[in-house]
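Structure first, commentary second.
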Amino acid sequence: VVVIGPGLGQSSWSRALFERVLDSGLPLVVDADALNLLARDPVSRENWILTPHPGEAARLLGTDTATIQQDRFAALESLQKQYGGTVILKGAGTLIGGDGMPAVCAAGNPGMASGGMGDALSGLLGALLAQGLEPAEAARAGVCLHARAADRAAATSGERGLLASDLIPLMREGLNGRH
Numbered sequence: 001v002v003v004i005g006p007g008l009g010q011s012s013w014s015r016a017l018f019e020r021v022l023d024s025g026l027p028l029v030v031d032a033d034a035l036n037l038l039a040r041d042p043v044s045r046e047n048w049i050l051t052p053h054p055g056e057a058a059r060l061l062g063t064d065t066a067t068i069q070q071d072r073f074a075a076l077e078s079l080q081k082q083y084g085g086t087v088i089l090k091g092a093g094t095l096i097g098g099d100g101m102p103a104v105c106a107a108g109n110p111g112m113a114s115g116g117m118g119d120a121l122s123g124l125l126g127a128l129l130a131q132g133l134e135p136a137e138a139a140r141a142g143v144c145l146h147a148r149a150a151d152r153a154a155a156t157s158g159e160r161g162l163l164a165s166d167l168i169p170l171m172r173e174g175l176n177g178r179h
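First residue of the sequence shown? That's 1 in the UniProt record's numbering, and the numbers climb one at a time after it.
Shown next, in the form of structure tokens:
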């Protein structure tokens, strides 16, 4: 399993690494700069999870963020048709599409709109894939665990100033059935 994108950049070295990872055939979690690289040179595969926020989704589909937000379900469907695999369209009411009817995660809060939150989700998704979950199952479980951990952290300390590192111990508790 490879998680690629957070901190990757968009240099020629980054592009070469991304292409090598694509050629590996390994299950992937694709986030951040890897999504921007993918938008420049689209490919489709089944054994990956794409994790775009609306701006990244707009780049992947060659449109604008307003169009994505206007009909998030249509955007999710278009992303799946063009890129295959499992797609998580992040945002308020995160959508998860993969192996059937799209799922909606109603948990989460505005405090999650901070640096590193998507990176934490990507790491969690990679861990779930490495434990043998199928991509769609890992996506549904990971998104919900991540969002519920954020809600628990916000309930304790508030949404403002929420850090990705606040979620790590809470995601672990959730994975172990402690909350």
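For each residue, glycine too, the CB sits at the ideal point set by N, CA and C.
Who are the Cβ neighbours of residue i in its own chain at under 7 angstroms, not counting the five residues just before and after it?
| i | result |
| --- | --- |
| residue 38 | 30 and 60 |
| residue 102 | 73, 76, 95 and 96 |
| residue 170 | 149, 152 and 153 |
| residue 26 | 1 and 2 |
| residue 106 | 93 |
| residue 99 | 136 |
| residue 128 | 138, 141 and 142 |
Under the three-state reduction of DSSP, which class applies to residue i: helix, strand or coil?
| i | result |
| --- | --- |
| residue 133 | coil |
| residue 97 | strand |
| residue 11 | coil |
| residue 160 | coil |
| residue 169 | helix |
| residue 177 | coil |
| residue 53 | coil |
| residue 21 | helix |
| residue 43 | coil |
Run through the DSSP bridge pairs and tell me what residue i is partnered with.
| i | result |
| --- | --- |
| residue 4 | 30 |
| residue 48 | 28 |
Apart from the five residues on each side of it in sequence, which residues of its chain come closer than 6 angstroms, Cβ to Cβ, to residue i?
| i | result |
| --- | --- |
| residue 108 | 147 and 150 |
| residue 55 | 65 |
| residue 68 | 54, 57, 58 and 75 |
| residue 14 | 8 |
| residue 86 | 49, 98, 135, 136 and 139 |
| residue 90 | 53 |
| residue 159 | 109, 110 and 111 |
Would you decide whether residue i is buried or exposed? Buried here means 16 or more other CB atoms lie within 10 Å of its CB.
| i | result |
| --- | --- |
| residue 152 | buried |
| residue 24 | exposed |
| residue 176 | exposed |
| residue 46 | exposed |
| residue 48 | buried |
| residue 52 | buried |
So, at 8 angstroms on beta carbons, what are the nonlocal neighbours of residue i in its own chain, with the 5 sequence-adjacent residues on each side left out?
| i | result |
| --- | --- |
| residue 104 | 93, 94, 95 and 96 |
| residue 163 | 114 and 116 |
| residue 4 | 17, 18, 21, 28, 29, 30, 31 and 34 |
Review point. What are the complete alpha helix (DSSP H) segments, minimum 4 residues, inside the stretch 60-126?
Key: 65-70 and 72-83
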